[in-house]
Each structure stands twice: as structure tokens, then as C-alpha cells.
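One structure below.
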Amino acid sequence: MTGTGGPEVLVPRAMPTPRPGVGELTIRTEAIPVLYPEIALRSGAFPLAAEPPLIFGFQAVGIVAETGPEVDAALVGRRVAVATAGFGSYAEYVRAPAVSATPVPEELSAAEAAAVLMSGSVAVTLLDAAACTGTETVLVEAAATGVGAALTELAARRGIRVLATAGGPAKAERARALGAAEVFDHRDPEWTARLRDHLGDTTIDVVFDSIGGATATALLDVITPLSGRMLGYGFLSGAPAQVTAADLIARGLTFIGCAGPRWLAVVDANRGRALALAANGELDPLVESVLPLERADEAHRLVEGRAPLGKIVLRPVTS
1 MTGTGGPEVL VPRAMPTPRP GVGELTIRTE AIPVLYPEIA LRSGAFPLAA EPPLIFGFQA
61 VGIVAETGPE VDAALVGRRV AVATAGFGSY AEYVRAPAVS ATPVPEELSA AEAAAVLMSG
121 SVAVTLLDAA ACTGTETVLV EAAATGVGAA LTELAARRGI RVLATAGGPA KAERARALGA
181 AEVFDHRDPE WTARLRDHLG DTTIDVVFDS IGGATATALL DVITPLSGRM LGYGFLSGAP
241 AQVTAADLIA RGLTFIGCAG PRWLAVVDAN RGRALALAAN GELDPLVESV LPLERADEAH
301 RLVEGRAPLG KIVLRPVTS
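For the sequence shown, the residue numbers in UniProt numbering are 1 to 319.
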């Protein structure tokens, strides 16, 4: 990554192979997920952990090639998923903290593990935080891809009635295939009104809000009074949920903010659960395409355009 900006700042370069330090390991990379939050970081919307130029990327899957001091050498040769300390995964060899290494089940390919790693672990954590009983109705926003897709599939498998939003017919069809009972096009300015008409006298128990902005406020009156809750974990609209304490108190609702270091630590701890769910066939990795690492700029253009229905994964030509 030569600087912040468009996808063109991601340029192939030859660099020395990283050597692990104390508490670290190095993997020979097989698959690298292209994550939507990375788009914002690359563009300069959020600060990076270090100033560019740098090797971009947060997660990777591969075979442990070397371990550093205070790391079990028996890990060498095992396939693991790792998370970097903020950059460094868009590479043939990736150095990462050993504590981040999660074993990949044999039933999963490297690409499948990479695709499900973040969306699955976030979805599992959100469902835990929502404390759904299995008899409730939930609304999943942006339900056709990423975290929303994983939430929809996992909730539907638990017998939870899922209402969903998606952008356009193709994504609506995907959300239904994952288990959504009804889908509303969130590109329609009147979609919240259409949702209210559909509900009639019934309500939604849980809203998984990834859109944020004024939409969140418009949903408050369709959430079950006293027991209803909204979990805010994203802001595809460009702003967090515009919900005040007064809004919640007047309706007896709960807003759960799903962000920050402690939240992310729980997400990290759930990576193994997400991989196990995928290995058991309970969570579809939804790999759309695997591109060579050298085409990282093209992968970012695809994800930035929100056209893919599944995950874009990068693979070094050496794998």
C-alpha cells in the first residue's frame, strides 16, 4: 500500500520474507480475505496502525512455516488462520502473533476458512449478545453478504424468524436462500414504511443494525416495547445509528453498541467457533471468487462496488 486513496495504491512489490519475533509465527499464505472494513482504511476514512507505505491486510490463512521464541514449534506445518497486528497480510508470507493462530478444520479449504473467518465470528458474537430465545423475530440489515449473510443463515437454522434487507433483486434472492422469510430493498427510501405495513400489529424483537444513520430511528417504533433491542455494529449509511437515550427510554428499548477493544476481543475468541460451524455445514463460506494476490486492486474495486454476492479471496501464486 503506497498511500491512502483508491485501489490503485495497492501495488505488488518484492519484500524480504518476515521472520517471527518473540511470541510470533510466520505462515506461508494460501488465502487472504478481502474485508469490507479494509476498503475504508485504504481510502483514508479511518486511521491505519502505521503510516504507508506498508503491507496491507488484517487476516490470512496458511501453513505455519516458522515459529519464534516462546512459541510451540509443533505448530510448524499446520494450517491456521491468523490476524495481524494491523497490517501485513497481503503477502506470500505473513508474520502474526501466535495467540491469533486458529487451527483450520480439515473439512475446510484455505479459501473457505478465509471467507468465513470474520463474518462468521462477528455473527456468532452478535447472536450471543442478542440472547435470542429461538422464538423471536429479528431484522437483519444487509443480509445477503458478509456478516449479514452469516447472521441470516445461523439465525434461521436456530428456528428464528428472520426479516431482512438487501440491495436489489439478486441480493434479495440470496437472503431468502439463506433463510430470510421476507426481504425489503434498503435502497428504497420507503422501505421502513413497507416493513411497518408488513408487520401490522406485530413487532420485531431484535434489530441487527449495520446501516446506521436515520434508518435506525425509523425502526424504533416497530421494535417490541420493554424487551426489544437493537445491536449496532456498522454504519453502511456513513454514520452510526442516530438513536438517543430519550428515544430508547420512551419506548423501553435497549441499544447495544458492538464495537471497541473488548468487543473485538470476544470476536477474536469466536474465530474457532465460526470455522467449526462452517466445517459442520452449518455456515456457508460463500466464496464468490479467488483472485491472484497481484490483483488486490481489482478485488478492492469489486468489494467497493458492493456487487459481489460472496467473499473475494486473494491467493498468492506460490500457493
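All C-beta atoms in this analysis are idealised placements derived from N, C-alpha and C, irrespective of residue type, glycine included.
Check your understanding: Between the C-alpha atoms of ARG273 and ARG158, what's the straight-line distance to the nearest angstrom?
Key -> 16 Å
Review point. How would you write the range of the beta strand (DSSP E) that ALA96 sits in, first residue to last?
Key: 93-97
Check your understanding: Which of helix, strand or coil does DSSP assign to ILE27?
Key -> strand
Point to revise | C-alpha gap between GLU173 and PHE46, whole angstroms | key: 33 Å
Review point. Given that a residue counts as buried once 16 or more other Cβ atoms are within 10 Å of its Cβ, and exposed if not, what is VAL140?
Key: The residue is buried, with at least 16 neighbouring Cβ atoms inside 10 Å.
Check your understanding: In chain order, what residues of the same chain have a beta carbon less than 6 Å from the beta carbon of GLY62, not counting five sequence neighbours either side?
Key -> ILE27, ARG28, THR29, GLU30
Check your understanding: Among ALA142, LEU127, ALA143, which residue has its Cα nearest to the Cα of GLU136?
Key -> LEU127
Point to revise | Of the residues PRO240, ALA279, GLY232, the one placed nearest CYS258, counting alpha carbons only | key: Across the set PRO240, ALA279, GLY232, the C-alpha of GLY232 shows the shortest separation from the C-alpha of CYS258.
Review point. Buried or exposed: ASP205, going by 16 or more other Cβ atoms within 10 Å of its Cβ?
Key: buried
**Study point:** Where LEU75 falls: helix, strand or coil (DSSP)
**Key:** helix
Exercise for review: Using only alpha-carbon positions, find the residue among ALA101, TYR90, ALA83 that is nearest to ALA74.
Suggested key: ALA101
Check your understanding: By Cβ distance, which residues of its chain are closer than 7 Å to PRO316, with the 5 residues on each side in sequence left out?
Key -> THR29, GLU92, LEU293
Review point. Taking all protein chains shown into account, do 16 or more other C-beta atoms lie within 10 angstroms of the C-beta of MET118, making it buried, or fewer, making it exposed?
Key: buried
Review point. Between LEU151, LEU248, PHE56, ILE32, which lies nearest to GLU8 when the distance is taken from Cα to Cα?
Key: PHE56
Practice item. Could you say if the region 249-256 and the region 67-81 meet the contact criterion of at least three C-beta pairs nearer than 8 Å? Key: No, the region 249-256 is not in contact with the region 67-81.
Check your understanding: Taking Cβ positions, are VAL243 and PHE255 nearer each other than 7 Å?
Key -> yes
Practice item. Output the distance between the C-alpha atoms of GLY212 and ASP185, rounded to the nearest integer angstrom. Key: 15 Å
Review point. Within 10 angstroms of its Cβ, does ASN270 collect 16 or more other Cβ (buried), or is it exposed?
Key: buried
Practice item. Would you give the residue range spanned by the alpha helix (DSSP H) that THR2 belongs to? Key: It is not in any alpha helix (DSSP H) - THR2 carries neither H nor E in the DSSP assignment.
Exercise for review: Taking GLY68 and VAL22 to be in contact with their CB atoms under 8 Å, please state how far apart those CB atoms are, rounded to whole angstroms.
Suggested key: 6 Å
Practice item. Spell out whether any CB of chain B is found under 7 Å from the CB atom of GLU30. Key: The structure shown has no chain B; it contains just one protein chain.
Check your understanding: Assuming SER210 contacts VAL147 under a Cβ cut-off of 8 Å, what Cβ separation, rounded to an integer in Å, is found between them?
Key -> 7 Å
Exercise for review: Determine the closest residue to VAL162 out of ALA144, GLY179, ARG229, with distance taken between C-alpha atoms.
Suggested key: GLY179
Review point. Nearest-angstrom Cα distance between LEU286 and ALA129?
Key: 24 Å
Exercise for review: Inspect the beta-carbon positions of ILE32 and LEU314 and report whether they are closer than 7 Å.
Suggested key: yes
Check your understanding: How would you write the range of the beta strand (DSSP E) that ILE256 sits in, first residue to last?
Key -> Boundaries of the beta strand (DSSP E) around ILE256: 254-257.
**Study point:** GLY148, DSSP secondary structure in three states
**Key:** helix
Point to revise | Residues that residue 341 bridges to, as DSSP identifies them | key: Here the chain has residues from 1 to 319 only, and residue 341 is not among them.
Point to revise | Under the three-state DSSP convention, the category MET230 falls into | key: strand
**Study point:** Cβ neighbour criterion (16 or more within 10 Å) applied to ARG19
**Key:** exposed
Exercise for review: Tell me, please, which residues DSSP counts as bridged to LYS311.
Suggested key: Beta-bridge pairing by DSSP links LYS311 to VAL287.
Practice item. Helix, strand or coil for GLY305, going by three-state DSSP, please let me know. Key: coil
Exercise for review: Kindly indicate the opening and closing residues of the alpha helix (DSSP H) around ASP205.
Suggested key: Per DSSP, ASP205 belongs to no alpha helix (DSSP H) and is neither H nor E.
Check your understanding: Quick one: what's got a C-beta closer than 6 Å to ALA239's C-beta in the same chain, skipping five residues either side?
Key -> GLY212, GLY213.
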